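K.L.:
Dropping the structure in here first, questions after.
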Amino acid sequence: MAIRENLAEEVTGLDALEMPVAPAASRPVRLWRAAWPKLAALAIALALWQGVVWSGWKPEYALAGPAATFQELWHRLMDGTMLTALGMTMRRAFAGFALAALVGVTLGSLVSRSAVLRSAVGSLITGLQTMPSIAWFPLALLLFLPSESAIMFVMVLGAAPAIANGLIAGTDHIPPILLRAGRVLGAKDLSLYRYVILPASLPSFLMGLKQGWAFAWRSLMAGELLVIIANRHSLGEQLNNAYDFANSAWLLATMLVILIIGIAIDSLVFGTLDRAIRRRWGLIDPAA
Amino acid sequence: MTAPSPTRTNGAPAPTGTSVLQVEGVSKVFGHGQTAVHALDRISLQVQRGECVCLVGASGCGKSTLLHLLADLDSPTSGKIRVEGRTALMFQEAALFPWLTVGGNVSLALRLRGVPRGERRPLVASLLESVHLDEVAARRPHELSGGMRQRVALARALAQDADVLLMDEPFGSLDAMTRDLLHAELERLWTERRFTVLFVTHNVREAVRLADRVLVLTSRPGRVAASFDVRIPRPRRIETPAVSALAGEITDQLSVEVRRHGHS
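Residue numbers (the working numbering), protein chains in the order written: chain A, 2 to 289; chain B, 210 to 473.
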């Protein structure tokens, strides 16, 4: 019987043949491929907007054109009013989101670990998610008067359920084989949670955070429109003022800023994190 | 059916003394009452230290259930299980953690075993080297082929420094050429390190290729129907006539067990 002395060579040879070869496009090509559909969509949107304005459907005070709006935006960026308002709004956004994340993570980890808690409040959390955040404001105003607390309260109620649900769904959908593998390696209770359950639920948790951010941002805008606090300039307050002055260029410029911030955080922060995780896990087709 | 071979010891217990793994009258029932499924019925077997034993049987013979009981993932309904030392378990899927690198997967096994941080790195390197994968330590599991992933799982199991390595059809989903190489790798590591192996498979040739002893399990309920000693010198090859001949004999025994279900 032949002894396989060259076993090691045979093994490594087969490995080399089986390693996937990923064809990589050059960086500028990839960037252009990702960018051109977005640029085209933006151009079409601007053209449609300009077209509606030119048609004379509405007077200038109700619907300003792109040129007037961007001019107003530039002006307000330069004189600092937009940045002051943006600073206030972003401080509220981060504080509210951080608080919502804290509440959501606490709630989610408790519910995902206890069967009793789950049957008690599991469906309630999902139910809360369907409640429009603006519907909470009258109660928030009665409880906290028009104050920062009222805005926080509604942001947390809007965002925390989504964050908790992301964590719960993440722990629910861990492949049982990974839990078994963890237990075989000697992980139990806390170490199983730390080394297997937590990292395994990360992608779903991140989706929860992303959704939570969207809810928090929406609640914040509703809040800033309703809760005007003296001498605190915010994006919502700017919307109110622009409406009061019937200045549609100001109104649209502020709306653009709100839209851009929402998109930027969603894609730059959460989109980047999500892609990084999916690439590490091998959930992205390398050729795509 | 062929005539009983002299190597067969029908249901007779193996000699006691140095057994590292002992299963005595173990039953496992899933569910209750009318719908209860008897996965294992008073099964008894012993594995000696350093022995490689293969369990073969048709589907539904409770092979995986038995390994789960031995790995302490589940507890038996009745009977006694005695394992000297620690067990490691390999699954049909590699079951690697996708958020860790290849090296990280092996390192986690060391960490959970209590190996201090400073000692882990050289150990990971030598474990990966032993399965010829030292060059892919920084890769992610999804970047590897099925055979490579299964070797990482083997390195991870070796990292547990277990006395008994339980293997649940670990090469079942691999192509024939890769499987052949992994048999050789497993045989080499087992010859070098002399751990105890309990290997479950439905592939009779694979069982004869690897085992010192092949146990045939019956289906529903699972019991040890026959035991075959494999006295073919190592290293073996799966293509040799000696392996084929014994595999044929064991397959005949298995078909008797399977046919029994056709009549009932």
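C-beta: ideal position from N, C-alpha, C; glycine also. Here the structure is a predicted model, which means the values were calculated and not measured.
Quick one: Cα of Ala456 (chain B) to Cα of Leu336 (chain B), how far?
P.N.:
Each residue's alpha carbon lies about 33 Å from the other.
K.L.:
Let me confirm a value: Asn166 (chain A) is counted as buried when at least 16 other C-beta atoms fall within 10 Å, else exposed. Which label applies?
P.N.:
Its Cβ being crowded by 16 or more others within 10 Å, Asn166 (chain A) is buried.
K.L.:
If contact means a Cβ-Cβ distance below 8 Å, which residues of the segment 382–403 of chain B contact chain A?
P.N.:
Considering only beta carbons, the part of the segment 382–403 of chain B lying closer than 8 Å to chain A consists of Met386, Thr387, Leu390, Ala393, Glu394, Arg397, in chain order.
K.L.:
Express the C-alpha separation of Trp137 (chain A) and Phe216 (chain A) in angstroms, rounding to a whole number.
P.N.:
13 Å
K.L.:
Excluding the five sequence neighbours on either side, which residues of its own chain have a C-beta within less than 7 Å of the C-beta of Asn241 (chain A), listed in chain order?
P.N.:
Leu226, Ile229
K.L.:
Starting from Gln369 (chain B), trace the beta strand (DSSP E) in both directions and tell me its first and last residue.
P.N.:
Unbroken run through Gln369 (chain B): none, as it is neither H nor E.
K.L.:
The beta strand (DSSP E) with Leu264 (chain B) in it runs from where to where?
P.N.:
261–265
K.L.:
Excluding the 5 residues flanking Arg446 (chain B) on each side, which residues of the same chain have their C-beta closer than 8 Å to its C-beta?
P.N.:
Arg418, Val452
K.L.:
Nearest CA to the CA of Ala248 (chain B): which residue from B:Pro307, B:Leu264, B:Thr286, B:Cys261?
P.N.:
B:Thr286
K.L.:
Name the two residues that bound the continuous beta strand (DSSP E) containing Met299 (chain B).
P.N.:
296–299
K.L.:
Specify the secondary structure class of Asp281 (chain B) as computed by DSSP and reduced to three states.
P.N.:
coil
K.L.:
Which word fits Gly271 (chain B), buried or exposed, when buried means at least 16 other C-beta atoms lie within 10 angstroms of its C-beta?
P.N.:
buried
K.L.:
Quick one: list the residues of chain A neighbouring Gly356 (chain B), beta-carbon separation under 9 Å, in chain order.
P.N.:
Simply Val12, Leu15, Asp16, Glu19.
K.L.:
I'd like to know if Pro325 (chain B) contacts chain A, where contact means its C-beta is closer than 8 Å to some C-beta of that chain.
P.N.:
no
K.L.:
Please confirm whether any heavy atom of the ligand GDP lies closer than 7 Å to the CB of Gly242 (chain B).
P.N.:
Judged by which ligands are present, the structure shown has none, so any question about the ligand GDP falls away.
K.L.:
Quick test of your reading: Glu238 (chain A) and Ala94 (chain A), contact by CB under 8 Å. State the CB separation rounded to the nearest angstrom.
P.N.:
Not confirmed; about 14 Å, so no contact.
K.L.:
Quick one: list the residues of chain B neighbouring Ile178 (chain A), beta-carbon separation under 7 Å, in chain order.
P.N.:
Phe300, Glu302, Ala304
K.L.:
Give me, in chain order, the residues of the same chain whose beta-carbon lies closer than 6 Å to that of Leu193 (chain A); leave out the 5 immediate sequence neighbours on both sides.
P.N.:
Gly183
K.L.:
Taking contact to mean 3 or more Cβ pairs, one atom from each stretch, closer than 8 Å, check whether the segment 259–269 of chain B and the segment 340–347 of chain B are in contact.
P.N.:
Result no; under three Cβ-Cβ pairs closer than 8 Å.
K.L.:
Kindly list, in the order they appear in chain B, the residues whose Cβ is closer than 7 Å to that of Tyr194 (chain A).
P.N.:
Result: empty, since nearest Cβ-Cβ is about 13 Å, beyond 7 Å.
K.L.:
For chain B, check one thing: does any of its Cβ atoms lie closer than 8 Å to the Cβ of Leu203 (chain A)?
P.N.:
yes
K.L.:
Could you tell me which chain A residues have their CB closer than 8 Å to the CB of Pro307 (chain B), listed as they occur along the chain?
P.N.:
Arg281, Trp282, Gly283
K.L.:
From B:Glu448, B:Val425, B:Ile441, B:Asp389, pick the residue whose C-alpha is nearest to that of Val465 (chain B); which is it?
P.N.:
B:Val425
K.L.:
Ala217 (chain A) versus chain B: which residues are under 9 Å apart at the beta carbon?
P.N.:
Residues of chain B with a Cβ closer than 9 Å to the Cβ of Ala217 (chain A) do not exist, since the nearest Cβ in that chain sits about 27 Å away.
K.L.:
Give a yes or no on whether 8 Å exceeds the smallest Cβ distance from Arg77 (chain A) to chain B.
P.N.:
For Arg77 (chain A), the answer is no, since every Cβ of chain B falls outside 8 Å of its Cβ.
K.L.:
Is it the case that the Cβ atoms of Asp372 (chain B) and Thr405 (chain B) are separated by a distance below 8 Å?
P.N.:
yes
K.L.:
Does Gly52 (chain A) pass the burial test, meaning 16 or more other C-beta atoms within 10 Å, or should it be called exposed?
P.N.:
Counting Cβ neighbours within 10 Å, Gly52 (chain A) comes out exposed, since fewer than 16 surround it.
K.L.:
Measuring CB atoms only, is the segment 141–157 of chain A touching the segment 198–213 of chain A, in the sense that at least three cross pairs come out at less than 8 Å?
P.N.:
no
K.L.:
Quick one: which unbroken alpha helix (DSSP H) runs of 4-plus residues sit fully inside the segment 20–88 of chain A? Chain order, please.
P.N.:
28–55, 67–79
K.L.:
If you draw a straight line from the C-alpha of Glu289 (chain B) to the C-alpha of Arg326 (chain B), how long is it?
P.N.:
According to the sequence as given, residue 289 (chain B) is Lys; it is not Glu. Cα to Cα, the separation comes out at about 37 Å.
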